[in-house]
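> If you scroll down you'll find the structure; I have some questions about it.
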Amino acid sequence: MTSTQNKVSDQKAFDALLRTRLAAFTRKAFATVDPGASYKHNWHIDLIAEYLEACTRREIKRLIINIPPRYMKSISVTVAWPAWLLGHNPSERILAASYAEVLSLKHSVDTRLILQSEWYKRVFPGVHLTGDQNEKRKFVTTARGHRFATSVGGSAIGEGGNFLIVDDPLNAAQALSDADRETANTWFDQGFCTRLDDKENGVIVVVMQRLHADDLSGHLLAKGGWENLCIPAIAETRTVIDFGRVKVVREEGDLLHPERESAAAVEAQKNIMGSYAFAGQYQQRPAPAEGGIFKAGWFKRHERPQDSYLQIVQSWDTASKAAELNDPSCCTTWGIRPDGYDLLHVLVKRLEYPQLKARVAEHAETWGANAVLIEDKSSGQQVLQDLRHSTQLPLLAINPEKDKETRASAVSALVEAGKVSLPTHAAWLTDYEMELMTFPNAPHDDQVDSTTQFLNWMRTRSVTPDIRIW
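Going left to right, the sequence shown walks through residues 59 to 528 as the working numbering numbers them.
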């Protein structure tokens with residue numbers, strides 16, 4: 059075979075790949091839409107493509123994709139996929155919307171740019187745009203298929219389709235407004251979703267970063283019936299991904315795309331945005347604006363600990379084992395005032411049993427604890443038994459009643475009354491606040507359990523002064 063024949067053969071194979079693999083098509087489309095940018099491939103692009111291929115086959119008809127900003131979501135879903143759909147079916151009708159008209163039109167222009175490229179015409183020779191309706195908002199194929207662009211609150215009168223795409227229905231500022239969120243949710247419920255021509259077989263895809271507990275994703279997920287592809291910037295638990303051709307294991311702490319955003323870059327972004335915005339936009343786990351059971355405004359603040367406290371109390375939530383899938387062990391250390399409680403320290407660590415037992419003893423000695431509360435179950439039960447035989451620690455076995463949420467609700471009044479004070483600065487403070495404010499929806503609840511164990515214990519007893527100088 060000659061070199062020319064080899065080139066022709068390679069070209070045909072590549073074109074076949076673009077026709078059959080959306081991920082490959084997306085990569086090629088990226089070079090057309092943004093030729094000056096450097097493309098960095100990652101498994102999440104393949105995963106999104108696999109889900110969209112399943113939507114194309116109608117195996118998934120309602121899909122929500124939650125992913126951090128600037129991770130190829132729009133080029134993958136709103137720009138490249140419509141071009142690929144029209145390539146396979148030039149009569150397909152597609153509607154796409156974003157929060158702003160200028161953004162919707164940009165996505166539409168980018169899709170049209172792909173359709174007009176030489177490589178696309180070679181890969182999908184059956185797609186031709188009409189000359190009389192080839193506009194930014196709407197372009198039509200000779201097979202009467204189309205892509206129509208609109209925006210939240212915009213008009214789509216007379217337009218319909220079998221594929222509806224919503225790409226960022228709110229920006230970050232709008233998400234803080236109850237009125238704007240309600241407008242977006244109502245627009246979808248009573249307007250946009252009615253544009254689906256075939257309600258039974260039509261496909262709707264929503265792609266966005268999470269901005270609020272009641273943003274469009276939260277609104278739709280609460281109703282049920284939606285497949286949710288959630289891709290946080292940092293894996294919060296060990297996650298096994300096995301979908302289509304993509305098989306990935308994300309260990310806890312793994313970054314989504316370290317070649318694109320390093321750990322330092324992600325941490326810097328978190329510092330700029332603040333922990334609450336970061337939890338939504340990057341981790342896809344938005345905290346309620348005023349907290350769940352515990353509200354941020356309820357906690358008092360102290361610049362530094364007092365010179366003395368009535369008592370120092372430690373509360374341990376011990377994990378069953380140190381495996382990655384389990385919560386870590388946690389100890390909160392509290393200073394008891396006549397009128398409330400100061401949180402002095404939080405220790406969160408995964409410990410095998412010998413290290414756990416030793417740490418309980420060492421930590422109590424370090425802080426001069428008057429009482430060490432340990433839940434009387436699992437590893438905590440063993441710690442209590444062993445340390446009672448080998449130490450003189452003031453150990454107290456706690457037998458919790460009812461479920462975690464009930465225990466948290468029982469002490470919420472103490473917090474609301476301003477009895478609990480947190481430091482203004484501490485290395486562990488951001489993680490502690492985030493877990494409490496997002497409970498019961500946080501991936502771990504060890505710090506919540508430790509806190510509510512202490513507060514419930516205090517709620518049912520009177521403190522005998524035993525002044526401790528700290």
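In this text, a Cβ means the ideal position worked out from N, Cα and C, and glycines have one as well.
Owing to the predicted nature of the structure, the values given are computational and were not obtained by experimental measurement.
How big is the Cα-Cα spacing for Ala455 and Gln505?
Translated into positions along the sequence shown, residue 455 becomes position 397. Translated into positions along the sequence shown, residue 505 becomes position 447. Ala455 and Gln505: Cα-Cα distance of roughly 18 Å.
> How many whole angstroms separate the CB atoms of Tyr157 and Asn229, which I take to be in contact at a CB cut-off of 8 Å?
The sequence position of residue 157 within the sequence shown is 99, counting from 1. The sequence position of residue 229 within the sequence shown is 171, counting from 1. With a contact defined as Cβ atoms closer than 8 Å, Tyr157 and Asn229 qualify at about 5 Å.
> Given that a residue counts as buried once 16 or more other Cβ atoms are within 10 Å of its Cβ, and exposed if not, what is Ile215?
The residue given as residue 215 occupies position 157 in the sequence shown. It is exposed - the Cβ of Ile215 has fewer than 16 other Cβ atoms within 10 Å.
> Report yes if the C-beta distance between Leu121 and Val324 is below 9 Å; otherwise report no.
If you number the sequence shown from 1, residue 121 lands on position 63. If you number the sequence shown from 1, residue 324 lands on position 266. Cβ atoms of Leu121 and Val324: not closer than 9 Å.
> How many angstroms separate the CA atom of Val371 from the CA atom of Leu222?
Within the sequence shown, the letter at position 313 stands for residue 371. Within the sequence shown, the letter at position 164 stands for residue 222. Distance between the alpha carbons of Val371 and Leu222: 56 Å.
> Count the other C-beta atoms from every protein chain shown that fall within 10 angstroms of the C-beta of Phe301, then say buried if there are 16 or more, exposed otherwise.
Here residue 301 is taken as the residue at index 243 of the sequence shown, counted from 1. Phe301 should be labelled exposed.
> Less than 9 Å between the C-beta atoms of Leu173 and Leu144, yes or no?
For the purposes of this step, residue 173 is taken as residue 115 along the sequence shown, with counting starting at 1. For the purposes of this step, residue 144 is taken as residue 86 along the sequence shown, with counting starting at 1. Contact: yes.
> Report yes if the C-beta distance between Gly56 and Arg151 is below 9 Å; otherwise report no.
What the structure shows of the chain is the stretch from 59 to 528, and residue 56 is not part of that stretch, so it cannot be assessed.
> Tell me which residue opens and which closes the beta strand (DSSP E) that Cys251 is part of.
Along the sequence shown, one-based indexing puts residue 251 at 193. Per DSSP, Cys251 belongs to no beta strand (DSSP E) and is neither H nor E.
> Can you tell me whether Lys119 is buried or exposed? The criterion is at least 16 other CB atoms within 10 Å of its CB, across all chains shown.
Along the sequence shown, read from residue 1 onward, the residue named residue 119 stands at position 61. Buried, because 16 or more other Cβ atoms sit within 10 Å of the Cβ of Lys119.
> DSSP three-state label for Gln174, please.
Position 116 of the sequence shown, counted from the first residue, corresponds to residue 174. Residue state, collapsed to three classes: coil.
> Does DSSP put Val198 in a helix, a strand or coil?
For the purposes of this step, residue 198 is taken as the residue at position 140 of the sequence shown. Strand at Val198.
> Assuming Cys389 contacts Leu409 under a Cβ cut-off of 8 Å, what Cβ separation, rounded to an integer in Å, is found between them?
For the purposes of this step, residue 389 is taken as residue 331 along the sequence shown, with counting starting at 1. For the purposes of this step, residue 409 is taken as residue 351 along the sequence shown, with counting starting at 1. At roughly 10 Å, the Cβ-Cβ gap does not stay under 8 Å, so Cys389 and Leu409 are not in contact.
> How close, in whole Å, do the beta carbons of Gln339 and Leu269 come, if the pair is a contact with beta carbons under 8 Å?
Numbered from its first residue, the sequence shown carries residue 339 at position 281. Numbered from its first residue, the sequence shown carries residue 269 at position 211. With 8 Å as the limit, Gln339 and Leu269 qualify as a contact, their Cβ atoms being about 7 Å apart.
> Ala377 to Val307, Cα distance in whole Å?
Within the sequence shown, the letter at position 319 stands for residue 377. Within the sequence shown, the letter at position 249 stands for residue 307. So the alpha carbons of these two residues sit roughly 23 Å apart.
> Roughly how many angstroms separate the alpha carbons of Leu383 and Gly398, rounded to a whole number?
On the sequence shown, residue 383 is found 325 positions in, with the first residue counted as 1. On the sequence shown, residue 398 is found 340 positions in, with the first residue counted as 1. Residue placement at Leu383 cannot be trusted, given a pLDDT of 42 that sits under 50; what the coordinates show is reported in the next sentence. Roughly 35 Å separates the two Cα atoms.
> Look up Ile103 in the DSSP assignment and say whether it is helix, strand or coil.
Looking up residue 103 in the sequence shown gives position 45. Looking at Ile103 - three-state DSSP - the assignment turns out to be helix.
> Over what stretch of residues does the alpha helix (DSSP H) that includes Gly438 continue unbroken?
Here residue 438 refers to the residue found at position 380 when the sequence shown is read from its first residue. Residues Ser436 to Ser448.
> Count the other CB atoms within 10 Å of the CB of Glu493; is the residue buried (16 or more) or exposed (fewer)?
Within the sequence shown, the letter at position 435 stands for residue 493. Buried, since its Cβ has 16 or more Cβ neighbours within 10 Å.
> Is DSSP giving Gly145 helix, strand or coil here?
Translated into positions along the sequence shown, residue 145 becomes position 87. Of the three classes helix, strand and coil, the one that applies to Gly145 here is helix, per DSSP.
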